[in-house]
Amino acid sequence: MSEETVLKVAVEDEVATVTLARPEVRNALNETLIVLLTQAFQKLSVASAVRVVILKGEGPVFCAGADLSWLGGITSAVIEDRQRHAMQFAQMFDAIDRCAKPVLAVVHGAANGAGVGLAAAAHIAIAAEQASFTLPEARRGLSSSVMIPYLTSALGARCLRRYLVTGESFGARQALVFGLVHGVAAAKTGDQTDDPLAVMEQSMIAAILKGAPATIANAMDTIRVCENTPDDPDRMRWASLRFAEVLGSPEALEGIASFEQKRQPKWTR
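Numbering (this note's numbering), first residue to last: 27 to 295.
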């Protein structure tokens, strides 16, 4: 399969959809797909025509994790080469996490290993009732280190310890309780014409498009900084300066004016 088809990127009405397209291997991540994902999110982060990014998987599985055939091929490489591949993996998660546009992961089926990492790195994640999540690295003798920062943020260290150590699977409802996903769509019944997961996805997109784009990007960046810096006077001063900067922005002026004039802000869709 060519590089052009293992990852699909489409933009429509300010919404970009990034789809893992290796269904024949359950969307397992190899070097090509990792690099393409990183590049896609870096480009979408600065794309003025995009306000939200959807991350999906093609076929019955969201993402089976790292492609073990690819990993097996580099086990005998020198440490410098293995570290280069690991850095590519880390940069992929970082590109998703740092994307200036809200990233919504839509987990319709199984997510294993790095597939769970993708959901954790996304800013928002929703799942179908039948979705499952597994971190099997310990059973394969592999490390989860490049995605542990995102898994810890999403699941919490206490919960993560259990599932990294045991390799047990957990379902969508458990993922909701743990905080890995923000919503679970019930399974489609015979009398339903619309897929509940698709309905939830569209509802989430509509909610995101009500927010001011630059303000959302600023908020996500502030969360990232506050999550990774000590709670001290320096952080308080930094946060206060950011508040003041945003307060004088065009979006703040438009938001206040639209409220006073009883109309929708210009950015609302």
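Glycine included, C-beta positions come from ideal geometry on N, C-alpha and C. Note that the structure is a prediction, hence the values are computed from the model and not measured.
- Under the Cβ criterion (8 Å, minimum of three pairs), the region 150-159 does not count as touching the region 110-118.
- Annotated three-state conformation of L223 is helix, per DSSP.
- The beta-carbon distance between A137 and F119, rounded to whole angstroms, is 14 Å. This is too long to meet the 8 Å contact definition.
- In this structure V35 does not touch A75 by the C-beta definition: roughly 12 Å separates them, more than the 8 Å allowed.
- Between the C-alpha atoms of S71 and A212 there is a straight-line separation of about 31 Å.
- By the Cβ neighbour-count rule, T31 is exposed, with fewer than 16 other Cβ atoms within 10 Å of its own.
- Sequence-distant Cβ neighbours of V191 in its own chain, meaning closer than 7 Å and more than five residues away, are A164.
- Looking at V104, P86 and F204, the one whose alpha-carbon comes closest to that of A47 is P86.
- Counting only the Cα atoms, R263 lies some 44 Å from N53.
- When DSSP assignments are scanned along the region 138-188, the uninterrupted stretches of alpha helix (DSSP H) that are 4 or more residues long and fall wholly within it turn out to be 140-147, 163-166 and 174-181.
- A Cβ-Cβ separation of about 6 Å places A146 in contact with L206 under the 8 Å criterion.
- Residue state for C89 is assigned as strand, using DSSP reduced to three classes.
- Contact between V44 and L33 holds, since their C-beta atoms are separated by about 7 Å, short of 8 Å.
- Here DSSP, grouped into helix, strand and coil, assigns V207 to coil.
- Measuring C-alpha to C-alpha distances from T101 to each of L168, G209 and D257 identifies L168 as the nearest.
- Cβ contact annotation for M226 (same chain, cutoff 6 Å, sequence separation greater than five): I152, G209 and A211, in chain order.
- Residue burial annotation: V78 is buried, with at least 16 other C-beta atoms found within 10 angstroms of its C-beta.
- When C-alpha distances from A140 are compared across E57, R199, L202 and G216, the shortest belongs to E57.
- DSSP places L63 inside the alpha helix (DSSP H), whose first and last residues are E57 to S71.
- The Cβ-Cβ distance between A131 and L81 falls below 8 Å.
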